[in-house]
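Undergrad: Dumping the structure here so I can ask a few things about it.
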Amino acid sequence: MADKVLMKGNEAIAEAAIIAGCRHYFGYPITPQTEIAAYMAKRMPKIGGTFLQAESELAAISMVYGVSSCGYRVMTSSSSPGISLKSEGLSYLAGADLPALVVNVQRGGPGLGGIQPSQSDYFQATRGGGHGDYHMIVLAPASVQEMAELTVKGFELADKYRMTSMILADGTMGQMMEPVALDLKVNPAPEKPWATTGTKLSRKHNIVNSLSLVPEELESQNFARFERYKTVEENETMYEEYMTEDAEIIIAAFGIAARVSKNAINAARREGIKVGLIRPITLWPFPKAPFARAAKTAKAMISVELSMGQMIEDVKLASECRVPVTLCNRAGGMIPSPEQVLEAIRAAAKNGGNK
Amino acid sequence: MVVFDKPHALTDTPFHYCPGCTHGIIHRLVAEVLDELGIEGKTIGIAPVGCSVMAYNYFNCDMIEAAHGRAPAVATGVKRANPDNIVFSYQGDGDLASIGMAETVHAAARNENITVIFINNAIYGMTGGQMAPTSLVGQVTQTSPYGRDPKMCGYPVKICEMLSQLEGPEYLERVTVNSVKNARRAKAAIKKAFENQIAGKGFSLVEVLSSCPTNWGMTPDAALKWIDDKMIPYYPLGVYKDRSAKEEN
Amino acid sequence: MKEIQFLFSGFGGQGILFAGKFLAYKALVEGKQLSWLPSYGPEMRGGTASCSVIIGDDPVGSPIVSHPDVLVAMNLPSLDRFESAVVPGGTIFLDSTLIGRKVNRTDVNVVAVPATKLANENGFPTLANMILVGKILAELGQFTETGVDGALAKVISAKHADMLEVNKKALKLGADYKGE
Chain R
48 MADKVLMKGN
58 EAIAEAAIIA
68 GCRHYFGYPI
78 TPQTEIAAYM
88 AKRMPKIGGT
98 FLQAESELAA
108 ISMVYGVSSC
118 GYRVMTSSSS
128 PGISLKSEGL
138 SYLAGADLPA
148 LVVNVQRGGP
158 GLGGIQPSQS
168 DYFQATRGGG
178 HGDYHMIVLA
188 PASVQEMAEL
198 TVKGFELADK
208 YRMTSMILAD
218 GTMGQMMEPV
228 ALDLKVNPAP
238 EKPWATTGTK
248 LSRKHNIVNS
258 LSLVPEELES
268 QNFARFERYK
278 TVEENETMYE
288 EYMTEDAEII
298 IAAFGIAARV
308 SKNAINAARR
318 EGIKVGLIRP
328 ITLWPFPKAP
338 FARAAKTAKA
348 MISVELSMGQ
358 MIEDVKLASE
368 CRVPVTLCNR
378 AGGMIPSPEQ
388 VLEAIRAAAK
398 NGGNK
Chain F
104 MVVFDKPHAL
114 TDTPFHYCPG
124 CTHGIIHRLV
134 AEVLDELGIE
144 GKTIGIAPVG
154 CSVMAYNYFN
164 CDMIEAAHGR
174 APAVATGVKR
184 ANPDNIVFSY
194 QGDGDLASIG
204 MAETVHAAAR
214 NENITVIFIN
224 NAIYGMTGGQ
234 MAPTSLVGQV
244 TQTSPYGRDP
254 KMCGYPVKIC
264 EMLSQLEGPE
274 YLERVTVNSV
284 KNARRAKAAI
294 KKAFENQIAG
304 KGFSLVEVLS
314 SCPTNWGMTP
324 DAALKWIDDK
334 MIPYYPLGVY
344 KDRSAKEEN
Chain X
12 MKEIQFLFSG
22 FGGQGILFAG
32 KFLAYKALVE
42 GKQLSWLPSY
52 GPEMRGGTAS
62 CSVIIGDDPV
72 GSPIVSHPDV
82 LVAMNLPSLD
92 RFESAVVPGG
102 TIFLDSTLIG
112 RKVNRTDVNV
122 VAVPATKLAN
132 ENGFPTLANM
142 ILVGKILAEL
152 GQFTETGVDG
162 ALAKVISAKH
172 ADMLEVNKKA
182 LKLGADYKGE
């Protein structure tokens with residue numbers, strides 16, 4: 048294994064993107080993800096790549112659209128308010144079946160909100176964000192190592208399924224430093240015969256397009272796209288289970304909330320409470336199977352979130368409401384403490400599943 | 104013997120444009136230039152949202168359909184990724200001068216090495232004739248039924264004049280295609296705009312005053328005359344910036 | 012080793028984040044598990060800055076330190092804010108040049124170092140942070156030449172290589188400090 052280096056999560060994303068073969072980055076400054084742009088501004092010119100600070104998020108995502116049309120690995124990054132602006136482009140990328148990597152280092156909202164960590168863009172990310180029927184592959188890292196690994200994975204999945212992959216991180220993940228091993232395995236981009244690279248007068252012209260005015264055609268495109276999404280759901284769902292074998296209480300948490308929850312679970316286990324964690328790594332596709340499985344034996348589930356309760360809806364759907372699911376949350380840039388989560392665990396243990 | 108023929112850079116797909124609309128002429132001029140410069144095989148065109156949204160069906164080169172107003176940003180991405188390709192955007196006035204104003208101004212300010220064909224017909228055509236950023240004072244449209252009132256809606260935007268104030272762009276010219284003579288002049292400008300890109304000179308924009316008989320409520324003939332009578336006095340034809348020519352003098 | 016949770020706090024510009032980074036790099040060099048998390052905000056200089064560092068043998072859970080084993084308070088507002096958060100039996104290291112009051116808690120250890128005064132007297136007025144870190148390492152029994160040299164080499168960029176020696180001097184000064 049390679050020597051580990053100490054990096055901020057944001058920097059790990061940037062370096063991993065370069066390792067994955069991304070040579071084109073477009074961004075616009077916004078806290079708390081600006082380190083990604085700064086890193087790219089430094090590195091890209093030295094490796095023959097493009098770093099461009101766009102005039103807006105709208106422009107940045109459209110530049111991504113242009114590069115992706117040409118078949119290259121390309122990315123942009125932002126934080127919550129900027130992602131709302133990029134949502135236009137996210138919808139167009141989906142409509143044109145273009146691969147791209149988009150990073151959202153979330154901050155508290157709505158509106159301008161704050162700059163402290165949040166997970167309140169869960170709905171926006173997992174339901175698509177922009178208009179129309181579409182999904183993105185949403186990856187939720189919980190360590191700096193995963194920030195790097197999921198960035199590579201994100202590019203690969205985007206290419207494989209011609210979709211946008213989104214890294215849904217938060218201010219904590221972006222700002223924290225941890226040791227990270229950068230000996231990342233990368234699958235090179237596949238051939239992209241659809242890319243607009245010039246016909247060289249030797250083939251029919253390629254068209255990258257999301258306009259489709261005949262409803263029957265547009266419908267069949269949507270059906271075909273969702274067939275592809277089904278394959279993604281079958282093959283690419285990722286999650287981590289922690290102490291779930293005998294767990295009577297299941298915590299659902301991703302990203303920083305999962306890290307906090309592990310502390311609480313360790314403390315609760317010392318008190319003899321049988322509690323475990325299911326940590327979705329892909330938020331879309333959501334890992335339904337482990338929740339459905341756990342719902343057969345667990346007495347209660349707790350969704351720990353930095354939001355007013357968004358993932359809890361997927362937890363309820365996945366567990367088919369067989370067990371009560373409660374919310375343990377902070378919002379607006381606040382982070383639940385291990386003590387708060389421990390209290391929720393104790394309450395669930397005491398109620399024995401009775402709400 | 105000279106046989107009138109379709110340029111290779113145009114597909115066989117019939118245009119969907121209304122009778123008397125000058126989009127068809129301008130498409131043809133662009134295609135002729137691609138042919139004459141021998142660049143069709145390495146050209147990537149960006150279509151806008153507006154009447155020319157389906158330009159991707161008409162040009163034989165690779166084409167990308169952009170979000171409304173974002174064509175210069177898409178073109179920027181394409182050109183940065185493929186500097187050896189020739190990249191042009193083809194945009195109407197709503198696309199370029201309203202919703203895409205920021206993208207236009209900043210691509211020009213960066214002197215992005217692309218070619219922009221800007222169709223100014225002073226109206227939103229595809230959506231049925233609403234007021235455009237370039238609609239003239241007093242012009243009656245669906246959303247200015249009493250005539251464009253500057254007290255309410257301000258004044259029409261003069262793109263060439265405005266961009267000429269920037270250090271960035273290489274070449275800005277306003278032309279029209281309402282006569283054979285003017286169309287020839289327009290083609291020369293379009294050709295220059297592509298030649299500039301080939302020579303790596305940077306951002307070149309050709310604004311083409313265009314007609315919209317359908318939404319202006321005129322016959323095609325009257326529409327061409329309206330360009331002379333109403334549009335040119337407010338939007339004078341001519342070169343607004345030509346850095347290389349200036350440097351040569 | 013048992014996991015130790017550090018909280019560094021002071022004014023922006025006192026090198027709070029740097030001090031934490033140094034400890035993090037030292038842990039990296041020594042093959043430990045660790046996390047480093049800064050407070051971040053619009054005040055780049057002059058506001059309050061804090062950073063959480065966790066070092067141990069096992070993977071770190073939450074990187075947020077709300078109940079530090081070791082609090083490093085470099086100004087009075089930091090002590091006021093975090094004194095009550097320290098775990099019983101924990102240790103507060105404070106810069107006694109800038110903090111006039113005594114620690115009220117009786118269930119914690121207190122190590123007072125006039126770090127700013129020492130830094131000024133020794134001609135490196137910006138390194139009070141490293142004097143305190145030196146003292147922390149000495150108190151924890153973790154002041155090793157290899158660890159310190161290795162960490163300094165990583166945390167100080169090649170561009171500022173001239174700062175290596177003076178940082179080490181500050182660390183040693185802190186480590187050797189025996190009280191007023």
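In the order they appear, the protein sequences are chains R, F and X.
Everything in the first sequence is counted per this note's numbering, starting at 48 for the first residue and increasing by one.
Everything in the second sequence is counted per this note's numbering, starting at 104 for the first residue and increasing by one.
Everything in the third sequence is counted per this note's numbering, starting at 12 for the first residue and increasing by one.
A virtual CB, placed ideally from N, CA and C, is assigned to each residue, including glycine.
Could you compute how far the alpha carbon of cysteine 124 of chain F sits from the alpha carbon of isoleucine 167 of chain F?
TA: Here residue 124 of chain F refers to the residue found at position 21 when the second sequence is read from its first residue. Here residue 167 of chain F refers to the residue found at position 64 when the second sequence is read from its first residue. Distance between the alpha carbons of cysteine 124 of chain F and isoleucine 167 of chain F: 23 Å.
Undergrad: Under 9 Å between beta-carbons, which chain R residues line up against threonine 146 of chain F? List them in chain order, please.
TA: Locating residue 146 of chain F in the second sequence gives position 43, counting from the first residue. Those are Gly245, Thr246, listed as they occur along chain R.
Undergrad: Determine the extent of the beta strand (DSSP E) in which asparagine 151 of chain R is found, giving its start and end residues.
TA: Your numbering for residue 151 of chain R matches position 104 in the first sequence. Taken as a continuous stretch (DSSP letters only), the beta strand (DSSP E) holding asparagine 151 of chain R covers 147–153.
Undergrad: Please return the same chain residues whose Cβ sits closer than 7 Å to the Cβ of alanine 59 of chain R, not counting the five positions on each side in sequence.
TA: Locating residue 59 of chain R in the first sequence gives position 12, where the first residue counts as 1. If we look at alanine 59 of chain R and ignore the five residues flanking it on each side, its Cβ neighbours are Val191, Met194, Ala195, Val227.
Undergrad: Does glycine 72 of chain X get closer than 8 Å to chain R when you measure Cβ to Cβ?
TA: The residue labelled residue 72 of chain X in the question sits at position 61 within the third sequence. Cβ-Cβ to chain R under 8 Å: yes for glycine 72 of chain X.
Undergrad: In angstroms with no decimal places, state the Cα-to-Cα distance between alanine 106 of chain R and tyrosine 112 of chain R.
TA: The residue given as residue 106 of chain R occupies position 59 in the first sequence. The residue given as residue 112 of chain R occupies position 65 in the first sequence. So the two alpha carbons sit approximately 10 Å from each other.
Undergrad: Under 8 Å, do proline 151 of chain F and aspartate 196 of chain F count as touching if we go by C-beta distance?
TA: For the purposes of this step, residue 151 of chain F is identified with residue 48 of the second sequence, where counting begins at 1. For the purposes of this step, residue 196 of chain F is identified with residue 93 of the second sequence, where counting begins at 1. No, they are not a contact pair.
Undergrad: Looking only at its own chain, which residues have a Cβ that is under 8 Å from the Cβ of alanine 378 of chain R, when we skip the five neighbours before and after it?
TA: In the first sequence, counting from the first residue as 1, residue 378 of chain R sits at position 331. For alanine 378 of chain R, where only same-chain residues beyond five positions count, the Cβ hits under 8 Å are Gly155, Ser165, Ser167, Leu353, Ser354, Met355.
Undergrad: Among residues of its own chain, excluding the 5 on either side of alanine 30 of chain X, which ones have a beta-carbon nearer than 6 Å to its beta-carbon?
TA: Within the third sequence, the letter at position 19 stands for residue 30 of chain X. Contacts found: Phe19, Asn140, Val144.
Undergrad: Rounding to the nearest angstrom, what Cα-Cα distance links valine 322 of chain R and glycine 111 of chain X in this structure?
TA: On the first sequence, residue 322 of chain R is found 275 positions in, with the first residue counted as 1. On the third sequence, residue 111 of chain X is found 100 positions in, with the first residue counted as 1. The alpha-carbon atoms of valine 322 of chain R and glycine 111 of chain X are separated by roughly 46 Å.
Undergrad: Using a Cβ-Cβ distance cut-off of 8 Å, determine whether leucine 34 of chain X contacts chain R.
TA: For the purposes of this step, residue 34 of chain X is identified with residue 23 of the third sequence, where counting begins at 1. Closer than 8 Å: no.
Undergrad: Is methionine 255 of chain F buried or exposed, if buried means 16 or more other CB atoms sit within 10 Å of its CB?
TA: On the second sequence, position 152 is the one that residue 255 of chain F refers to. Its Cβ having fewer than 16 others within 10 Å, methionine 255 of chain F is exposed.
Undergrad: Under 8 Å by Cβ, that's how I've got valine 40 of chain X and lysine 165 of chain X pegged, so tell me the actual separation to the nearest angstrom.
TA: Position 29 of the third sequence holds residue 40 of chain X. Position 154 of the third sequence holds residue 165 of chain X. Yes, valine 40 of chain X and lysine 165 of chain X are in contact; Cβ-Cβ is about 7 Å, under 8 Å.
Undergrad: If I measure Cβ to Cβ from lysine 335 of chain R and keep anything under 6 Å in the same chain, skipping five residues before and after, which residues do I get?
TA: On the first sequence, residue 335 of chain R is found 288 positions in, with the first residue counted as 1. Contacts found: Ala365.
Undergrad: Pull up the CB-CB distance for serine 109 of chain R and glycine 74 of chain R, whole angstroms please, since I reckon it's below 8 Å.
TA: In the first sequence, counting from the first residue as 1, residue 109 of chain R sits at position 62. In the first sequence, counting from the first residue as 1, residue 74 of chain R sits at position 27. Not quite, the Cβ-Cβ distance comes to about 13 Å (not below 8 Å), so this is no contact.
Undergrad: Which partner residues of glycine 341 of chain F appear in the DSSP bridge assignment?
TA: The residue you call residue 341 of chain F lines up with position 238 of the second sequence. Note: glycine 341 of chain F sits in a beta bridge opposite F:Arg277.
Undergrad: Anything in the stretch 166–197 of chain F with a Cβ closer than 9 Å to a Cβ of chain R? List those residues in chain order, please.
TA: Per Cβ criterion, the list reads Met166, Ile167, Glu168, Ala169, Ala170, His171, Gly172, Arg173, Ala174, Pro175, Ala176, Val177, Ala178, Thr179, Gly180, Val181, Lys182, Arg183, Ala184, Asn185, Asp187, Asn188, Ile189, Val190.
Undergrad: Relative to the C-alpha of isoleucine 75 of chain X, which candidate in R:Ser350, R:Lys232, R:Met220, R:Trp241 has its C-alpha closest?
TA: Counted from its first residue, the third sequence places residue 75 of chain X at position 64. Checking every option, the nearest Cα to that of isoleucine 75 of chain X belongs to R:Met220.
Undergrad: Between leucine 239 of chain F and threonine 279 of chain F, which are expected to be in contact by the criterion C-beta below 8 Å, what is the C-beta distance as a whole number of angstroms?
TA: On the second sequence, residue 239 of chain F is found 136 positions in, with the first residue counted as 1. On the second sequence, residue 279 of chain F is found 176 positions in, with the first residue counted as 1. Not a contact, Cβ separation roughly 15 Å.
Undergrad: Can you tell me which of the three DSSP states glutamate 14 of chain X falls into?
TA: Position 3 of the third sequence, counting from 1, holds the residue named residue 14 of chain X. It is coil, neither helix nor strand.
Undergrad: Would serine 20 of chain X pass as an interface residue toward chain R - the criterion being a Cβ-Cβ separation below 8 Å?
TA: Position 9 of the third sequence, counting from 1, holds the residue named residue 20 of chain X. Closer than 8 Å: no.
Undergrad: State the Cα-Cα distance for the pair proline 49 of chain X and aspartate 160 of chain X, rounded to the nearest angstrom.
TA: Within the third sequence, residue 49 of chain X is the residue found at index 38, counting from 1. Within the third sequence, residue 160 of chain X is the residue found at index 149, counting from 1. About 23 Å.
Undergrad: Using the three-state DSSP reduction, which class does alanine 150 of chain F fall into: helix, strand or coil?
TA: Counted from its first residue, the second sequence places residue 150 of chain F at position 47. Here alanine 150 of chain F sits in strand by DSSP.
Undergrad: Under 9 Å between beta-carbons, which chain R residues line up against histidine 209 of chain F? List them in chain order, please.
TA: Counting from 1 along the second sequence, the entry for residue 209 of chain F is found at position 106. Result: Ala101, Glu102, Ser103, Ala106.
Undergrad: Pair every Cβ in the stretch 174–184 of chain R with every Cβ in the stretch 236–256 of chain R, then say whether three or more of these pairs are closer than 8 Å.
TA: The stretch 174–184 of chain R vs the stretch 236–256 of chain R: no contact.
Undergrad: Looking at chain R, is there any beta carbon in it that lies within less than 8 Å of the beta carbon of asparagine 163 of chain F?
TA: For the purposes of this step, residue 163 of chain F is taken as the residue at position 60 of the second sequence. Yes, asparagine 163 of chain F counts as interfacial toward chain R.
Undergrad: Taking Cβ to Cβ, would you say alanine 325 of chain F is nearer than 8 Å to valine 311 of chain F?
TA: By 1-based counting over the second sequence, the position of residue 325 of chain F is 222. By 1-based counting over the second sequence, the position of residue 311 of chain F is 208. In this structure, valine 311 of chain F does not lie closer than 8 Å to alanine 325 of chain F by Cβ.
Undergrad: Identify the residues that DSSP records as bridge partners of cysteine 168 of chain R: which are they?
TA: Residue numbering aside, residue 168 of chain R sits at position 121 when the first sequence is read from its first letter. A small fix is needed here, since residue 168 of chain R is aspartate in this sequence, not cysteine. Beta-bridge pairing links aspartate 168 of chain R to no other residue.
Undergrad: From what residue to what residue does the alpha helix (DSSP H) around serine 131 of chain R run?
TA: Residue mapping note: residue 131 of chain R aligns to position 84 of the first sequence, counting from 1. Residues 127–142.
Undergrad: Tell me, please, whether the stretch 306–322 of chain R touches the stretch 381–390 of chain R by the rule of three or more beta-carbon pairs shorter than 8 Å.
TA: The stretch 306–322 of chain R vs the stretch 381–390 of chain R: in contact.
Undergrad: Which term fits arginine 183 of chain F, buried or exposed, when burial requires 16 or more other beta carbons within 10 angstroms of its beta carbon?
TA: The residue you call residue 183 of chain F lines up with position 80 of the second sequence. Arginine 183 of chain F is buried by the Cβ-count criterion.
Undergrad: Going along the chain, which residues of its own chain have a beta-carbon closer than 7 Å to the beta-carbon of glutamate 54 of chain X, five neighbours each way excluded?
TA: As a position in the third sequence, residue 54 of chain X is number 43, starting the count at 1. Only weak support is given to the placement of glutamate 54 of chain X: the predicted model assigns it a pLDDT of 49, under 50, and the value that follows is read from those uncertain coordinates. Within the same chain, glutamate 54 of chain X has close Cβ partners Gly23.
Undergrad: Just checking: is the beta-carbon of threonine 237 of chain F within a distance shorter than 8 Å of some beta-carbon in chain R?
TA: Indexing the second sequence from 1 puts residue 237 of chain F at position 134. Chain R, which has no Cβ nearer than 8 Å to the Cβ of threonine 237 of chain F, makes this no.
Undergrad: With DSSP run on the structure shown, which of helix, strand or coil describes alanine 130 of chain X?
TA: Mapped onto the third sequence, residue 130 of chain X falls at position 119. Here alanine 130 of chain X sits in helix by DSSP.
Undergrad: Listing by chain order, which chain X residues have their CB less than 8 Å from the CB of valine 307 of chain R?
TA: By one-based count along the first sequence, residue 307 of chain R stands at place 260. What valine 307 of chain R touches in chain X: Gly72, Ser73, Ile75.
Undergrad: Can you tell me whether DSSP reads glutamate 5 of chain R as helix, strand or coil?
TA: Residue 5 of chain R is absent from the model: chain R starts at 48 and stops at 402.
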